[in-house]
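Under mature numbering (1 follows the signal peptide of the UniProt record, and there is no 0), read the sequence shown as residues -20 to -1, 1 to 217, first letter to last.
Just so it is clear, CB atoms sit at the ideal spot from N, CA and C, and this is done for glycine as well.
Keep in mind the model is a prediction, meaning the values are calculated, not measured.
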Amino acid sequence: MNRALVSALVLSLIAVSACSVPTAPQAVSSLDTLLPHPTGRSSATLVKSGPGVSLGVIYSPSTQTNRQYLRDYQANAGTGFGQSLLVQSIHDAYVASSKPDMAVEWVNASLQRQFGAVTVYPDMQSLRAAKPDVVAIVDTHSQLITSRSSDIKANVSADFYDAQLNYIGTAKGSEARELTPVWADFKRSEEIVADINQQQDVQVRALQEFDRSLSNLVARPAGDVSLLEGKHAQKLY
């Protein structure tokens, strides 16, 4: 079988079998589901942080939905469209570039560097009962490659509130790229893998932008950074 025929067969399988790839969910504002309306505005312009400040974290419903979307994406790569691919490297790229917990783990690590105690709560009722000094609602959203679109997007944000749930500010990062279709008939398997791998690069760049935004939003006494090293987030579920 010549190379041109093999390439055509690979691309045909990608285009047909990738139809089972999950579609990215719509992003939903955290305020629509978690906080009462209207929320007040804090007099603070920066978020107080440091080793003596406790932070309570809630994942927005959109974040939970997004994590499930990425799990489904990986599951399809492993047991759905991925098994139909002739090139193992293409399957592996789909799996490696769609890690379900990458964003929340990155954000948690970033928050641990800024606050003395970081606790992730399962719901707002539990968080309110704990009365942390600062509240953060973490929201993540991803859009990955499908058979119908090669547009890639990643958004991550954390809305910060004071102990009375008055809004202080938002740290956020986003990145997007428009690629030529991965199933284009002129692409070799190596080029397809390189395109798919950009999914993770887009997510990383969005998270790096989030870190810069977070650093600009927090107010921490000088010399506190070393005291926060080694802190670990606690989960109550």
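Restricting to Cα atoms, I'd like to know which of D131, E171, W86 is closest to A186.
W86
Measuring CB to CB, does I148 end up less than 8 Å from A24?
yes
Are P161 and S130 closer than 8 Å when you measure CB to CB?
yes
On the DSSP letters alone, give me the boundaries of the alpha helix (DSSP H) that N196 sits inside.
169 to 197
Alpha carbon to alpha carbon, how far is A134 from L37? Give it in angstroms, no decimals.
First, the residue type needs correcting, since residue 37 is Val and not Leu in the sequence shown. About 20 Å.
Classify G153: buried if its beta carbon has 16 or more other beta carbons within 10 angstroms, exposed otherwise.
buried
If you count every other CB in all the chains shown that lies within 10 Å of the CB of D119, and 16 or more means buried, which is it?
buried
V198 and S77 look like a contact to me (Cβ under 8 Å); what is the Cβ gap, rounded to whole Å?
No, V198 and S77 are not in contact; Cβ-Cβ is about 30 Å, not under 8 Å.
To which residues does DSSP link Q48 through a beta bridge?
According to DSSP, which records beta bridges pairwise, Q48 is partnered with nothing at all.
Secondary structure of I125, DSSP reduced to three states:
coil
Cβ pair Y39, L124 closer than 8 Å:
no
Look at the alpha carbon of R93 and the alpha carbon of A138, and state the distance between them as a whole number of angstroms.
15 Å
Top-ranked residue by Cα proximity to T126, from S42, L107, L50, G20:
L50
The beta strand (DSSP E) enclosing S90, as first and last residue numbers:
Unbroken run through S90 is the alpha helix (DSSP H), 82 to 92; no beta strand (DSSP E).
Consult DSSP for S29 and reduce its assignment to one of helix, strand or coil.
coil
Among the candidates L14, N146, N177, whose CA atom is the shortest distance from the CA of S22?
N146
According to DSSP, simplified to helix, strand and coil, what is Y39?
strand
Given a cut-off of 8 Å, decide if D175 and L159 are closer than it, judged by their beta-carbon atoms.
yes
Check for me: the beta strand (DSSP E) holding A134 runs from which residue to which?
131 to 142
For D81 and Q179, what's the separation of their Cα atoms in angstroms?
14 Å
Are the CB atoms of V136 and S95 within a distance shorter than 8 Å?
This sequence places Phe at residue 95; Ser is not what is there. Going by C-beta atoms, F95 is not nearer than 8 Å to V136.
Less than 8 Å between the C-beta atoms of L35 and L91, yes or no?
yes
Relative to the C-alpha of G20, which residue among Q105, A143, V67 is closest?
A143
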